[in-house]
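Engineer:
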Amino acid sequence: MFAAITAAALQPQVMVQGYLTNAAGTPYTTAQAVQFKVYQGGIAATAGTGTVYYEETATITPSASGVFNHPLGSGTPSTAFLVVAGGATIPNSLSTTTFDTSSAVFLEISVGGTILLPRVQMLSVPYASLATTAENLKPTTSVTVVNITASSGTFTATGNTQYSIATASGISVGAGGVTAAFFKGDLYGNVNGSAGSVAANSITAGTFGSAVLLPAGNLIGGVASTNTANVFPLVQTMQGGVVGSSGSFMNGVTAGSGTFTATGNTQYSIATASGISVGAGGVTAAFFDGTHYGDASGMTGISTILRQYTSNTTAASNRNDTAIPNDDTIPSVGEGTQFASITVTPVKAASMMFLIATAHGAYSGGAACNRAFVCVFNGVTNLGCGATQLTSFPGAATAYIMVSSGGTAARTYTARFGCESADGFQLNGISTGRLLGGAMTSGLYLWELGG
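Given below as structure tokens:
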């Protein structure tokens, strides 16, 4: 019996040769069902001992003298996987693992269900097997390695159509530097040293990134225009000026028509030290950041802008004998006495009108005026009232009103005050007259907001 392992790139096979006879010594010459098993460990004289590392079935037909030749590995595997030592699962196929001779390797053959003993021990023979690893290192294949070190001399790599050396994470070079016919791609980090003479057309036009600094000195000797009547050094251009298509040098840029678009700055597209002045066209933006000046009359979406303010106050001391009844009816414009009025035209139809009406005073008359009221009207419509408890000492009845402007038509708001009875209410004073020399005033105040 002879064994030979073929190249690892092909299905490994071992040639098995034998002489098959019956118990009487008569050779078999007809087709026979044979099972082959390769064991690691066990005893030659005892069937089934050791661990099965490969098994297959095949049909062989011996010669007239009973001799047969069978390539082990060409038969039909009995199962796809085998469980070996330590519970590991391996494919049921021949490999170098199958013939690991660290322990005895036996080939067990059974014919027609009868195991032939003793089993055949498979030994190594004096020739070299072709290693799978060596097969993968053919010049026409690729191989992945962790490190390649050229200890001295020159490291040369060839064969790749695009690049001689291709890496996914870059190439690190020590103090020796890199010499190449050209460099292609982005440069990162500090680029130091001198470029010497740079040939014409060897630098592609591009854009300097933000915060790029050029060292001081006579760096650029070109011009920014091919128009001989308007020639400007590039350094002057880089210091803030702009060269137009006609070659004119401009400190300011005007977009006469169409749309002016500025991009490229991470924070702002256009940044100036003295502001931006815009004519009748106005400015449209997703948001406005910073302090707002002027009346903001053209701005929308801002609810706290003060559109206008006005007031009507009086320091006069007047007695009122017209009551505002203390009952569950809405006071009308004919009750109480008017003491202030404001005629206003709203700036915005969607704005809000905030009104405050305050009446200072005390009751005057024989009977006590325990409660005093102040109400605000738009025409004959009562917008709201306020009240206070009165004595012979001054108090203040105040009403706070917030209503929608409802349009831009002019309207008149009025404020009226009165006691709960017709006894009398002395505005800005007490029964004997005015107090505080006119410093105590009553009035109606209006703020137009938002819109």
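So the sequence shown is residues 20 to 470, counted in the working numbering. Glycine is no exception: its CB is placed at the ideal position from the N, C-alpha and C atoms.
1) Any chance the region 97-106 sits against the region 65-78, with 3 or more Cβ pairs inside 8 Å?
2) If you measure between the beta carbons of phenylalanine 392 and isoleucine 343, is that distance less than 8 Å?
3) Taking C-alpha atoms, which residue in Cys438, Pro350, Leu142 and Gln327 lies nearest to isoleucine 361?
4) When DSSP labels each residue in this structure, what does glycine 457 get in the three-state scheme?
5) Does alanine 77 come out as helix, strand or coil in the three-state DSSP assignment?
6) Counting C-beta neighbours from all protein chains within 10 Å, is the total for glutamine 140 16 or more, i.e. buried, or is it exposed?
7) Name the DSSP bridge partner or partners of glycine 37?
8) Classify isoleucine 79 as buried or exposed, calling it buried when 16 or more other Cβ atoms lie within 10 Å of its own Cβ.
9) Out of curiosity, what's the CA-to-CA distance linking threonine 333 and glycine 470?
10) Report the CB separation of lysine 367 from serine 423 in whole angstroms; it is logged as a contact under 8 Å.
11) Between the Cα of aspartate 119 and the Cα atoms of Thr98, Thr95, Pro81 and Val57, which residue gives the shortest distance?
12) Could you check if alanine 408 is buried or exposed, using at least 16 other CB atoms within 10 Å of its CB as the buried criterion?
13) One question on the structure: do glycine 94 and proline 31 come within less than 8 Å of each other, judged by their Cβ atoms?
14) Once the 5 residues before and after methionine 5 are set aside, which same chain residues still bring their CB inside 6 Å of it?
15) Please state the DSSP three-state secondary structure of glycine 452.
16) Please state whether DSSP places glycine 380 in a helix, a strand or coil.
17) So, at 6 Å on beta carbons, what are the nonlocal neighbours of arginine 138 in its own chain, with the 5 sequence-adjacent residues on each side left out?
18) As a quick exercise: from Pro350, Gly414, Ser461 and Thr117, pick the residue whose alpha carbon is nearest that of valine 33.
19) Between the alpha carbons of glycine 437 and leucine 402, how many angstroms are there, rounded?
20) In whole angstroms, give me the CA-to-CA distance for alanine 471 and isoleucine 449.
21) In this structure, what does DSSP give as the bridge partners for arginine 390?
22) Within the same chain, show all residues whose beta-carbon is closer than 6 Å to that of tyrosine 146, passing over the 5 residues directly before and after it, in chain order.
23) Among Ala376, Phe87, Phe358 and Asn339, which has the Cα closest to the Cα of isoleucine 420?
24) One question on the structure: do arginine 416 and glycine 426 come within less than 8 Å of each other, judged by their Cβ atoms?
25) Return helix, strand or coil for proline 145, following the three-state DSSP convention.
26) Look up glycine 426 in the DSSP assignment and say whether it is helix, strand or coil.
27) Alpha carbon to alpha carbon, how far is glycine 452 from serine 336?
28) If you count every other CB in all the chains shown that lies within 10 Å of the CB of alanine 194, and 16 or more means buried, which is it?
29) Using DSSP with H/G/I as helix, E/B as strand and the rest coil, what is alanine 104?
30) Identify whether asparagine 345 lies in helix, strand or coil by the three-state DSSP scheme.
31) How many Å lie between proline 96 and glycine 85 at the Cα?
32) Is it true that the CB of leucine 465 sits closer than 8 Å to the CB of tyrosine 432?
33) How big is the Cα-Cα spacing for valine 363 and alanine 429?
34) Between which two residues does the beta strand (DSSP E) carrying phenylalanine 55 extend?
35) Would you call the CB atoms of threonine 48 and alanine 77 closer than 8 Å?
36) Looking only at its chain, what residues have a beta carbon closer than 7 Å to the beta carbon of aspartate 17, apart from the 5 residues adjacent to it on each side?
Structural biologist: According to the structure shown:
1) In this structure the region 97-106 touches the region 65-78; the number of beta carbon pairs closer than 8 Å is three or more.
2) Remark: C-beta atoms of phenylalanine 392 and isoleucine 343 approach each other more closely than 8 Å.
3) Out of Cys438, Pro350, Leu142 and Gln327, Gln327 has the C-alpha closest to the C-alpha of isoleucine 361.
4) In this structure, glycine 457 counts as helix in the three-state DSSP scheme.
5) Alanine 77 falls in the strand class under three-state DSSP.
6) Looking at its Cβ environment, which holds fewer than 16 other Cβ atoms inside 10 Å, glutamine 140 is exposed.
7) Looking at the DSSP output, glycine 37 sits in a beta bridge with Phe87.
8) With a 10 Å radius around the Cβ and a threshold of 16 neighbouring Cβ atoms, isoleucine 79 comes out buried.
9) Roughly 30 Å separates the two Cα atoms.
10) With a Cβ gap of about 10 Å, lysine 367 and serine 423 do not count as contacting.
11) Each of Thr98, Thr95, Pro81 and Val57 was checked against the Cα of aspartate 119, and the nearest Cα belongs to Val57.
12) This sequence places glutamine at residue 408; alanine is not what is there. By the beta-carbon neighbour count (other beta carbons within 10 angstroms, threshold 16), glutamine 408 is exposed.
13) Cβ atoms of glycine 94 and proline 31: not closer than 8 Å.
14) Only positions 20 to 470 of the chain appear in the structure, and residue 5 is not among them; the question remains open.
15) Three-state result, glycine 452: strand.
16) Residue state, collapsed to three classes: strand.
17) Excluding residues within five positions, the ones whose Cβ falls inside 6 Å are Ala63, Phe125 and Glu127.
18) Of the listed residues, the one whose Cα sits closest to valine 33 is Thr117.
19) Their Cα atoms are separated by approximately 16 Å.
20) Absent from the structure is residue 471, since the part of the chain shown begins at 20 and ends at 470.
21) According to DSSP, arginine 390 shares a beta bridge with Gln408.
22) Reliability fails at tyrosine 146, whose pLDDT of 45 lies under 50, so the model's placement of it is uncertain and the value that follows must be treated cautiously. There are no such residues.
23) If we check each option's Cα against that of isoleucine 420, Ala376 comes out closest.
24) In the sequence under discussion, the amino acid at residue 416 is alanine, which differs from the arginine named in the question. No; because the gap between Cβ atoms is not below 8 Å, this pair is not in contact.
25) Note that proline 145 scores 47 on pLDDT, short of 50, meaning its location in the model is unreliable; the coordinates nonetheless yield the value given after this. Coil.
26) In this structure, glycine 426 counts as coil in the three-state DSSP scheme.
27) Cα to Cα, glycine 452 sits roughly 6 Å from serine 336.
28) Burial call: exposed.
29) Alanine 104: helix per DSSP, three-state reduction.
30) Asparagine 345 carries a coil assignment under DSSP once its states are collapsed to helix, strand and coil.
31) Distance between the alpha carbons of proline 96 and glycine 85: 25 Å.
32) Yes. Within cutoff.
33) Roughly 5 Å between the two C-alpha positions.
34) Counting along the chain, the beta strand (DSSP E) containing phenylalanine 55 begins and ends at 51-59.
35) Threonine 48 is not a Cβ neighbour of alanine 77, given a cutoff of 8 Å.
36) Residue 17 is absent from the model: the chain starts at 20 and stops at 470.
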